[in-house]
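Peer 1: Sharing a structure with you now.
Residue numbers (our numbering): 2 to 696.
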């Protein structure tokens with residue numbers, strides 16, 4: 002027997018269509034299912050667009066029109082609702098007007114809304130309502146291939162990874178006696194230049210990991226394991242000679258083990274997370290084949306700024322001395338690493354000097370506090386070399402920002418000469434403050450830093466193009482580049498020096514080689530004929546004397562050997578191959594000129610200076626020795642350029658006075674002919690760490 006319908010169902014029939022012929026315009030545009038409910042479908046009702054859910058026949062495709070009667074009924078129903086709403090609003094307005102009149106108040110005037118604002122509000126409402134149709138799932142397979150919940154660490158490592166790390170073979174750490182030499186290697190060579198954390202914290206992490214009784218209850222955190230793993234990875238990678246050797250495999254295993262903990266330690270908003278990321282930046286510098294140091298450094302700088310470390314805390318802020326000193330150490334390490342990476346890759350800084358200029362140097366890095374226990378002063382490593390590194394980074398940063406990223410407008414020659422001379426004075430003043438009591442390796446590192454800074458100053462840049470270079474600038478580029486290659490090439494062959502050899506240093510060598518080739522082509526004949534006054538170890542006995550043609554050829558070969566280190570160590574031959582192509586024609590011309598000179602007999606002038614030796618030793622010049630001429634401030638100061646260093650040894654000649662800081666007296670600071678733009682030059686009031694301390 003058929004089921005009878007109730008009277009209520011007959012009086013209030015359901016307007017939902019079980020199978021609509023066609024979707025409404027909004028559902029069809031959003032490509033979602035339309036239930037065909039009248040007068041408006043459910044999707045339009047939920048989004049607040051019931052009025053726009055039209056069912057006119059012209060809204061649908063041919064052959065899929067809705068019922069004509071249903072369309073008329075829906076239109077009539079909508080018109081009736083609009084009439085009812087208008088009557089209700091009119092009666093409410095009249096009632097409120099009468100009330101205000103009876104109370105003696107003037108009737109309120111309705112605010113007129115222009116058609117433009119009404120249309121803008123309508124567009125915004127429509128845009129907001131359309132968000133309801135968006136169904137984007139960040140964990141679906143169609144979103145960058147991720148199948149798990151997104152996190153900051155996963156996004157960071159996925160964007161910075163160049164090559165996948167090998168699978169982890171062993172889970173545990175080696176015995177402590179096996180890793181102690183590598184921990185000491187990191188602390189002796191790298192930590193003293195970038196003291197990201199306290200040495201005591203590293204030793205405490207080791208004690209907790211190896212459950213020593215003196216460390217108290219064992220509470221190993223993921224950050225402890227991360228720090229130890231990455232320190233070992235950096236140490237092993239810095240001892241590696243070529244891809245796939247024992248040290249390289251050990252470094253990759255420790256890096257792979259540390260990556261498994263990234264989710265626990267790499268997170269924004271904490272100082273520990275920033276320290277962990279800076280350790281990863283250091284590893285990326287010694288393993289650029291797997292990580293992009295540029296991206297990681299940019300993220301570390303962003304985290305540092307978010308934490309406010311680029312500004313000193315307010316005076317009323319209560320903060321302990323140790324916490325304040327740690328903030329300063331982390332900031333200056335981030336600053337130094339950012340300047341190193343950005344300048345070596347020829348890219349802009351993550352943050353400018355103007356945004357972070359008031360952070361003093363950390364006090365704990367100078368010397369252990371007298372109030373600290375004698376045992377701490379005895380066993381903790383001095384991080385004084387880091388302060389000298391922070392000093393020269395400020396000078397480099399100011400010059401690099403002013404000449405490359407502040408403006409592209411060209412400077413007048415006199416203005417450029419004055420600025421280059423002042424920056425060279427700063428470099429000489431900084432180098433003269435470095436004490437000779439530092440280790441041989443740190444002195445060599447700072448000597449290379451000095452040469453690189455001088456090449457940076459005298460080389461062409463957007464402010465001073467190659468066409469405006471003076472003859473003295475070209476000679477200085479020739480001499481400084483030759484000295485830089487002479488010092489750096491033996492370091493690439495000695496594994497004991499590789500702790501100071503990173504991907505950034507190889508990029509620097511490429512920059513030096515490119516500027517050398519550019520300058521040689523700009524004035525080839527004069528440079529190969531001129532006898533320059535700059536010679537390193539010219540008086541060495543038993544050395545073969547070379548002319549400028551041989552020196553230029555030797556410089557190019559050494560640059561190629563330096564770039565070959567990237568091919569052997571990281572399987573990155575692109576830089577070497579590109580430089581070989583760029584210098585091939587210059588090599589041929591130098592060989593041709595050398596053959597022409599050899600075919601023509603000539604006599605050496607009696608007063609000609611001695612050429613440089615063929616194989617200069619790894620010896621360095623002490624910062625206190627007079628290896629530079631002081632600038633001559635006679636005449637127009639606008640035309641002054643840094644003078645080349647002279648081969649003068651003061652050891653054994655006590656009658657010569659010790660060289661003072663290479664800063665001109667106040668009476669020689671004449672006003673330049675061309676006024677520099679406001680804010681185009683860095684601050685000239687550098688106070689270096691070693692100026693007020695006994696050497």
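We put the CB at the ideal spot given by N, CA and C, even for glycine. Remember, predicted model here, so these are calculated numbers, not experimental data.
For residue 290, which three-state DSSP category applies?
Peer 2: Locating residue 290 in the chain shown gives position 289, counting from the first residue. Reduced to three states, the DSSP call for residue 290 is coil.
Peer 1: Excluding five sequence neighbours on each side, which residues of the same chain lie with their C-beta closer than 7 Å to the C-beta of residue 262?
Peer 2: Translated into positions along the chain shown, residue 262 becomes position 261. The answer, listed in chain order, is 223, 226, 227.
Peer 1: If you count every other CB in all the chains shown that lies within 10 Å of the CB of residue 586, and 16 or more means buried, which is it?
Peer 2: In the chain shown, the residue the question calls residue 586 occupies position 585. Looking at its Cβ environment, which holds fewer than 16 other Cβ atoms inside 10 Å, residue 586 is exposed.
Peer 1: Between which residues of its own chain and residue 356 is the CB-CB distance below 7 Å, once the five residues before and five after are set aside?
Peer 2: By 1-based counting over the chain shown, the position of residue 356 is 355. Contacts found: 311.
Peer 1: Kindly indicate which three-state DSSP category residue 162 falls into: helix, strand or coil?
Peer 2: Taking the chain shown and counting its residues from 1, the one referred to as residue 162 is at position 161. Strand at residue 162.
Peer 1: From residue 73 to residue 88, what distance separates their C-alpha atoms?
Peer 2: Translated into positions along the chain shown, residue 73 becomes position 72. Translated into positions along the chain shown, residue 88 becomes position 87. Looking at the two C-alpha atoms, the distance is approximately 23 Å.
Peer 1: Does the separation of the CB atoms of residue 338 and residue 266 fall below 9 Å?
Peer 2: For the purposes of this step, residue 338 is taken as the residue at position 337 of the chain shown. For the purposes of this step, residue 266 is taken as the residue at position 265 of the chain shown. Not a contact, by the Cβ cut-off of 9 Å.
Peer 1: Tell me whether residue 365 sits in a helix, a strand or coil according to DSSP, three-state version.
Peer 2: If you number the chain shown from 1, residue 365 lands on position 364. DSSP places residue 365 in coil when its eight states are reduced to three.
Peer 1: Determine the burial state of residue 596: buried for a count of at least 16 other Cβ atoms within 10 Å of its Cβ, exposed for fewer.
Peer 2: As a working mapping, residue 596 is identified with position 595 in the chain shown. By the 10 Å Cβ count, residue 596 comes out exposed.
Peer 1: Considering only their Cβ atoms, is the gap separating residue 347 from residue 395 smaller than 9 Å?
Peer 2: Position 394 of the chain shown holds residue 395. Position 346 of the chain shown holds residue 347. Not a contact, by the Cβ cut-off of 9 Å.
Peer 1: Using the C-alpha atoms, what's the distance from residue 48 back to residue 41?
Peer 2: Position 40 of the chain shown holds residue 41. Position 47 of the chain shown holds residue 48. Answer to the nearest angstrom: the Cα atoms are 11 Å apart.
Peer 1: Suppose the cutoff is 6 Å on Cβ atoms and the five residues either side in sequence are ignored; what does the same chain contact list for residue 359 look like?
Peer 2: Sequence index remark: in the chain shown, residue 359 carries index 358 (1-based). So the qualifying residues of the chain are 313.
Peer 1: How close, in whole Å, do the beta carbons of residue 570 and residue 244 come, if the pair is a contact with beta carbons under 8 Å?
Peer 2: Locating residue 570 in the chain shown gives position 569, counting from the first residue. Locating residue 244 in the chain shown gives position 243, counting from the first residue. With 8 Å as the limit, residue 570 and residue 244 qualify as a contact, their Cβ atoms being about 6 Å apart.
Peer 1: For the ligand GTP, is there any heavy atom lying closer than 8 Å to the beta carbon of residue 571?
Peer 2: As far as ligands go, the structure on display features none, and thus does not contain the ligand GTP.
Peer 1: Please specify which runs of the alpha helix (DSSP H), each continuous and at least 4 residues long, are wholly inside the segment 161-227, giving them in chain order.
Peer 2: Those alpha helix (DSSP H) runs which fall completely within the segment 161-227 and span 4+ residues are 177-187, 200-210.
Peer 1: Please report the straight-line C-alpha distance between residue 447 and residue 408, rounded to a whole angstrom.
Peer 2: Here residue 447 refers to the residue found at position 446 when the chain shown is read from its first residue. Here residue 408 refers to the residue found at position 407 when the chain shown is read from its first residue. Answer to the nearest angstrom: the Cα atoms are 30 Å apart.
Peer 1: Candidates 153, 256, 561, 37: which alpha carbon is nearest residue 23's?
Peer 2: Locating residue 23 in the chain shown gives position 22, where the first residue counts as 1. Considering only alpha carbons, the answer is 37.
Peer 1: Report, in whole angstroms, the separation of the C-beta atoms of residue 237 and residue 252, which I expect to be a contact under 8 Å.
Peer 2: As a working note, residue 237 is residue 236 in the chain shown. As a working note, residue 252 is residue 251 in the chain shown. Yes, residue 237 and residue 252 are in contact; Cβ-Cβ is about 4 Å, under 8 Å.
Peer 1: Quick one: Cα of residue 592 to Cα of residue 578, how far?
Peer 2: Locating residue 592 in the chain shown gives position 591, where the first residue counts as 1. Locating residue 578 in the chain shown gives position 577, where the first residue counts as 1. Rounded to whole angstroms, residue 592 to residue 578 spans 20 Å at the Cα level.
Peer 1: Just the C-alpha distance for residue 400 and residue 456, rounded to the nearest angstrom, thanks.
Peer 2: As a position in the chain shown, residue 400 is number 399, starting the count at 1. As a position in the chain shown, residue 456 is number 455, starting the count at 1. If I take the Cα positions, the gap works out to 12 Å.
Peer 1: Report yes or no: do the segment 463-481 and the segment 519-533 share at least 3 C-beta pairs separated by less than 8 Å?
Peer 2: Flag = yes, the segment 463-481 and the segment 519-533 touch.
Peer 1: Locate the alpha helix (DSSP H) running through residue 571, then write down its first and last residues.
Peer 2: Counted from its first residue, the chain shown places residue 571 at position 570. That run of the alpha helix (DSSP H) goes 549-571.
Peer 1: Can you give the Cα-Cα distance for residue 166 and residue 497, rounded to whole angstroms?
Peer 2: Indexing the chain shown from 1 puts residue 166 at position 165. Indexing the chain shown from 1 puts residue 497 at position 496. Spanning the two alpha carbons is a distance of roughly 26 Å.
Peer 1: Please classify residue 255 as buried or exposed, where buried requires at least 16 neighbouring CB atoms within 10 angstroms.
Peer 2: Translated into the one-based positions of the chain shown, residue 255 becomes position 254. Per the 10 Å Cβ criterion, buried.
Peer 1: Which value, in whole angstroms, describes the spacing of the CA atoms of residue 503 and residue 345?
Peer 2: As a first step, residue 503 is located in the chain shown; it is residue number 502 there, counting from the start. As a first step, residue 345 is located in the chain shown; it is residue number 344 there, counting from the start. The alpha-carbon atoms of residue 503 and residue 345 are separated by roughly 11 Å.
Peer 1: Could you check whether residue 576 and residue 511 sit closer than 9 Å to each other, using their CB atoms as the reference points?
Peer 2: Walking along the chain shown from the start, residue 511 turns up at place 510. Walking along the chain shown from the start, residue 576 turns up at place 575. Taking 9 Å as the Cβ cut-off, residue 511 and residue 576 qualify as a contacting pair.
Peer 1: By a C-beta neighbour count over all protein chains shown, 10 Å radius and 16 as the cutoff for buried, is residue 527 buried or exposed?
Peer 2: Position 526 of the chain shown, counted from the start, is the residue given in the question as residue 527. Exposed, since its Cβ has fewer than 16 Cβ neighbours within 10 Å.
Peer 1: On a CA-only basis, which of 156, 427, 561, 590 is nearest residue 581? Give me that one, please.
Peer 2: Numbered from its first residue, the chain shown carries residue 581 at position 580. Cα-wise, what sits closest to residue 581 is 561.
Peer 1: From residue 589 to residue 558, what does the alpha carbon distance come to, in whole angstroms?
Peer 2: Along the chain shown, one-based indexing puts residue 589 at 588. Along the chain shown, one-based indexing puts residue 558 at 557. Looking at the two C-alpha atoms, the distance is approximately 13 Å.
Peer 1: Residue range of the alpha helix (DSSP H) that residue 575 falls in?
Peer 2: Counting from 1 along the chain shown, the entry for residue 575 is found at position 574. That run of the alpha helix (DSSP H) goes 575-600.
Peer 1: Mapping the DSSP letters down to three states, classify residue 413 as helix, strand or coil.
Peer 2: Residue numbering aside, residue 413 sits at position 412 when the chain shown is read from its first letter. In this structure, residue 413 counts as coil in the three-state DSSP scheme.
Peer 1: Between the Cα of residue 434 and those of 418, 451, 420, spot the shortest distance and give me the residue it belongs to.
Peer 2: Taking the first residue of the chain shown as position 1, residue 434 is located at position 433. The residue with the shortest Cα to Cα distance from residue 434 is 451.
Peer 1: Please report the straight-line C-alpha distance between residue 45 and residue 84, rounded to a whole angstrom.
Peer 2: Indexing the chain shown from 1 puts residue 45 at position 44. Indexing the chain shown from 1 puts residue 84 at position 83. C-alpha separation (whole angstroms): 21 Å.
Peer 1: What distance in whole Å lies between the Cβ atoms of residue 387 and residue 194, which are believed to be in contact at a cut-off of 8 Å?
Peer 2: For this step, residue 194 is matched to residue 193 along the chain shown. For this step, residue 387 is matched to residue 386 along the chain shown. That pair is a contact at about 5 Å.
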